[in-house]
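K.L.:
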Amino acid sequence: MSARRRSSFRRLLRWYPARWRLTNGEVMVGTLEENAEALGRSGPTQSEAWSLRAHGLAERVTPNVILVVSGSALLLSLAPLAALWLGAVDESVGGLVARTVCQFLGALLVCLSAGALLLRGGGLRPETALAATFGAVIAWTLGALAAASWSVGFNEADDGAARSWFGDATGLFLLGAVVTGATALTAVLAGVMRIGSWRILLASAIAVPGAVGLGVWAAIPAGMVVGAVAVLATVALQIRASPSAVERVRPVPVPLTTVQRYRLAAVTLVAAVLGVGSVVFALTGSVLLPSVGDSTQAMRVGIFAGTLVAIITVVTVAFALLSRRRPAILAPTLAFVAALIALSVSYLLPMDHPLGWPLISLAIVLVGLAGGLLLAPVLSRPGWLRALLVTAISLAVAASVGFLVVSVAFWAPVLAVVASIILIRGPRQSPVASAEALSSTPTGLEADWARRSAQ
Amino acid sequence: MTETSFWILTALAAGRLHGYAVLSDVNRLSGGSVVLRVTTLYASLERLEREGRIRSAGEEVVDGRARRYYEILESGRVLLGAEAERLAARAAAAQGSIARGAAARLSPAPLWR
């Protein structure tokens, strides 16, 4: 019996990675056997077997695995957007299948990556993670079927053809997706919140709208891109912890003097005024100054001027941050300014100029690059991985929020006003500075507290 | 600190133990309220070892079964001590409150006329 029991445990240990088995396998089998013997069991119980499988799989979820999964999710979520941007949307059945697979497989991989992060962080038990994975796979598959069914049903109705069972089953698939998705999410929430018994109802109450929200989020390609990038960046931050990076000496920030702050605030306020003027001209220029042309032409002139004025705001904000010795801000600023120049040139050209759209696309790509470069300093890993992550994040930013740059003339004045208020108010005193100031008081609870917080 | 970590450190604080001994000690010390799975035990031991709270302290083979011993490190002892103090302070607060409540019940407030 002992030999059979031992071989059962050994077989289950195959779920663990080979390297883990080499170091810990025999010790674990020994303990499992001792435990089984003490409890009078002839082999692993069902729950013990599932626990071994779940823990074995959890051991395989390394940061590099999460990186690959979330990177794949990002690529999958970018594919439909790229097709849209390149005007290569395939309306055939094959195209529909490919889009749906990209969209829902991408969403599944984002969810699995996020769950894996929770698992690695100790927020989720392996058994719960495994159960939630099963639920997520079923839920997203049903979600994909619901989306495909809706498209088929829509086309059938559009053609006036008889409805097939598949085209008619959207509601059924959707219900199944929500139920299984909510169940998986309940397991995750209950695991993370460490709650049990009747309070599981609370987790369910959050999980049902949560599952619906995730489904809606998956339907928005840009939303999925943002989710994938968020997970990717979190993993990158987790795996970067090389001692050299942690021990790197950071430059001491030197705040601006009051005069410098007021000067910069004055410049941003001027930019805000000029920006508002540009917006007013864009909206009413054809009435105020008929010689400029029709309303479209006035709009283009206003946006052109507003975009140029936005450069002042961007440079001023960058200058304020640079003064705190953050050279990392330099490259993203240059990319953003280049984007604004490209955009303003596109508005300067005649409306049907062949370079107009490529320049706007370039501006969007440069905004994405600015986002990627902004995060580059925290992604301190091997150069190739950092380059890959910066590229991925840049693409994601460009594809998701990059298009907002075309309306920069409209939101830059708001940014300028906010920046000038922050500059006038001055930086908040850091806890260290507060502690230093208070430590001059020889006694007192406040001074002691401040000293503690400074440590 | 998780409950599992607390009980494992508590078991190891008494001395060097092998995996199964930790498992049975946790069960005994917790009065049977905590029954660890072997999988959970090793995942927790690995994490505590990675965090520098415990370390493996030798292996041996007994009756054809491999055993690995673990011992608590100073940082683990300090962490456990801090947790024990925190729990003791909570318990004292609760008991004080209960005692005050019992005293109040013995001498009820006079009714207002």
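For the protein sequence lines, the chains are A and B, in the order given.
Numbers 39 to 493, taken from this note's numbering, label the letters of the first sequence in order.
Numbers 4 to 116, taken from this note's numbering, label the letters of the second sequence in order.
Note that CB positions come from ideal geometry on N, CA and C, so glycine has one too.
Check whether chain B comes within 8 Å of S89/A, counting only Cβ atoms and requiring the distance to be less than that.
P.N.:
Within the first sequence, residue 89/A is the residue found at index 51, counting from 1. Yes, S89/A lies at the interface with chain B (some Cβ there is under 8 Å from its Cβ).
K.L.:
In this structure, does DSSP put E62/B in helix, strand or coil?
P.N.:
As a first step, residue 62/B is located in the second sequence; it is residue number 59 there, counting from the start. E62/B: strand per DSSP, three-state reduction.
K.L.:
Count the other CB atoms within 10 Å of the CB of I398/A; is the residue buried (16 or more) or exposed (fewer)?
P.N.:
Locating residue 398/A in the first sequence gives position 360, counting from the first residue. Under this definition I398/A is a buried residue.
K.L.:
Which runs of the alpha helix (DSSP H) at least 4 residues long sit entirely within the segment 62–116 of chain A? Give them in chain order.
P.N.:
The qualifying runs are 64–76, 84–98.
K.L.:
Would you be able to state if there are at least three C-beta pairs under 8 Å between the segment 34–43 of chain B and the segment 89–98 of chain A?
P.N.:
Counting Cβ pairs under 8 Å, three or more are found: they touch.
K.L.:
DSSP puts Y23/B in a beta bridge; with which residues?
P.N.:
One-based indexing of the second sequence puts residue 23/B at position 20. According to DSSP, Y23/B bridges with nothing at all.
K.L.:
Per the contact definition of three or more C-beta pairs closer than 8 Å, is the segment 123–131 of chain A in contact with the segment 43–58 of chain A?
P.N.:
Too few Cβ pairs lie closer than 8 Å, so no.
K.L.:
With a threshold of 8 Å between beta-carbons, can V287/A be considered close to chain B, or not?
P.N.:
Here residue 287/A corresponds to residue number 249 of the first sequence, with the count starting at 1. At V287/A the pLDDT is 48, less than 50, meaning the model places this residue with poor confidence; the figure from the coordinates comes in the next sentence. Chain B, which has no Cβ nearer than 8 Å to the Cβ of V287/A, makes this no.
K.L.:
How would you list, in chain order, the residues of chain B whose beta-carbon sits under 9 Å from the beta-carbon of V383/A?
P.N.:
Numbered from its first residue, the first sequence carries residue 383/A at position 345. None at all; the shortest Cβ gap to chain B is about 55 Å.
K.L.:
For F9/B, I'd like the list of residues in its chain whose CB is within less than 8 Å of its CB, leaving aside the five on either flank, ordered along the chain.
P.N.:
For the purposes of this step, residue 9/B is taken as the residue at position 6 of the second sequence. Correct list, in chain order: L83, E86.
K.L.:
Determine the direct distance from the alpha carbon of V330/A to that of C496/A, and round the result to whole angstroms.
P.N.:
Since the displayed chain A opens at 39 and closes at 493, residue 496/A lies outside it and no answer follows.
K.L.:
To which residues of the same chain is Y72/B closer than 8 Å at the C-beta, ignoring the five residues directly before and after it?
P.N.:
Residue mapping note: residue 72/B aligns to position 69 of the second sequence, counting from 1. Hits under 8 Å: R19, L20, H21, S59, A60, G61, E62, E63.
K.L.:
Got a sec? Which residues, its chain only, sit under 6 Å from S280/A by beta carbon, not counting five neighbours each side?
P.N.:
Taking the first residue of the first sequence as 1, we reach residue 280/A at position 242. Annotation note: pLDDT 43 at S280/A (below 50); position unreliable, coordinate value reported separately. Taken in chain order, the list of residues that qualify is empty.
K.L.:
From the beta carbon of V37/B, is the nearest beta carbon of chain A less than 8 Å away?
P.N.:
To locate residue 37/B, count along the second sequence from 1; it is residue 34. No, V37/B does not count as interfacial toward chain A.
K.L.:
Do A271/A and L413/A have their CB atoms nearer than 8 Å?
P.N.:
Translated into the one-based positions of the first sequence, residue 271/A becomes position 233. Translated into the one-based positions of the first sequence, residue 413/A becomes position 375. In this structure, L413/A lies closer than 8 Å to A271/A by Cβ.
K.L.:
Among residues of its own chain, excluding the 5 on either side of G219/A, which ones have a beta-carbon nearer than 6 Å to its beta-carbon?
P.N.:
The residue given as residue 219/A occupies position 181 in the first sequence. Here the set comprises A177, A249.
K.L.:
If we cut at 8 Å on Cβ distances, does S468/A have a partner in chain B?
P.N.:
If you number the first sequence from 1, residue 468/A lands on position 430. A caution first: S468/A carries a pLDDT of 49, below 50, which makes its placement in the model too unreliable to give a value.
K.L.:
Using CA coordinates, which residue listed in A304/A, L180/A, G261/A is at the minimum distance from L114/A?
P.N.:
Taking the first residue of the first sequence as 1, we reach residue 114/A at position 76. When only C-alpha atoms are compared, the closest one is G261/A.
K.L.:
Less than 8 Å between the beta carbons of L162/A and G153/A, yes or no?
P.N.:
Within the first sequence, numbered from 1, the residue matching residue 162/A stands at position 124. Within the first sequence, numbered from 1, the residue matching residue 153/A stands at position 115. Closer than 8 Å, so yes.
K.L.:
Give the straight-line distance between the Cα atoms of V439/A and E52/B, rounded to the nearest whole angstrom.
P.N.:
Working through the first sequence from its first residue, we reach residue 439/A at position 401. Working through the second sequence from its first residue, we reach residue 52/B at position 49. For V439/A and E52/B, the distance between alpha carbons rounds to 44 Å.
K.L.:
Is any beta-carbon of chain B found at less than 8 Å from that of M66/A?
P.N.:
Against the first sequence, residue 66/A aligns to sequence position 28. Taking Cβ atoms only, chain B reaches closer than 8 Å to M66/A, which makes this a yes.
K.L.:
Does N102/A get closer than 8 Å to chain B when you measure Cβ to Cβ?
P.N.:
As a position in the first sequence, residue 102/A is number 64, starting the count at 1. Closer than 8 Å: no.
K.L.:
State yes or no: is the beta carbon of A14/B nearer than 8 Å to at least one beta carbon in chain A?
P.N.:
Position 11 of the second sequence, counted from the first residue, corresponds to residue 14/B. Cβ-Cβ to chain A under 8 Å: no for A14/B.
K.L.:
Is any beta-carbon of chain B found at less than 8 Å from that of E71/A?
P.N.:
Numbered from 1 along the first sequence, position 33 holds the residue referred to as residue 71/A. At least one chain B Cβ lies under 8 Å of E71/A.
K.L.:
Kindly indicate which three-state DSSP category A379/A falls into: helix, strand or coil?
P.N.:
Counted from its first residue, the first sequence places residue 379/A at position 341. For the record, residue 379/A in the displayed sequence is Ile; it is not Ala. Residue state, collapsed to three classes: helix.
K.L.:
For the pair the segment 94–103 of chain B and the segment 27–40 of chain B, tell me if three or more CB-CB distances fall below 8 Å.
P.N.:
Touching, no.
K.L.:
Where N62/A and L252/A are concerned, what is the direct C-alpha to C-alpha distance, given to the nearest angstrom?
P.N.:
In the first sequence, residue 62/A corresponds to position 24, counting from 1. In the first sequence, residue 252/A corresponds to position 214, counting from 1. Those two C-alpha atoms are separated by around 39 Å.
K.L.:
Does the beta-carbon distance from A225/A to G173/A come in below 8 Å?
P.N.:
Locating residue 225/A in the first sequence gives position 187, counting from the first residue. Locating residue 173/A in the first sequence gives position 135, counting from the first residue. Yes. Within cutoff.
K.L.:
Specify the secondary structure class of E74/B as computed by DSSP and reduced to three states.
P.N.:
Looking up residue 74/B in the second sequence gives position 71. Strand, per DSSP.
K.L.:
Going by other Cβ atoms of all chains shown within 10 Å of its Cβ, with 16 needed for buried, is R68/B buried or exposed?
P.N.:
As a position in the second sequence, residue 68/B is number 65, starting the count at 1. R68/B should be labelled buried.
K.L.:
Between the C-alpha atoms of F18/A and Y23/B, what's the straight-line distance to the nearest angstrom?
P.N.:
Examination of residue 18/A is not possible in this model, given that chain A is present from 39 through 493 alone.
K.L.:
Give the residues from the segment 184–200 of chain A that approach chain B closer than 8 Å (Cβ to any Cβ), ordered along the chain.
P.N.:
Correct list: empty, as no residue qualifies.
K.L.:
Which value, in whole angstroms, describes the spacing of the CA atoms of V287/A and G421/A?
P.N.:
One-based indexing of the first sequence puts residue 287/A at position 249. One-based indexing of the first sequence puts residue 421/A at position 383. Since pLDDT at V287/A reaches only 48, below the 50 mark, its modelled position is unreliable, and the value read off the structure follows with that caveat. Distance between the alpha carbons of V287/A and G421/A: 20 Å.
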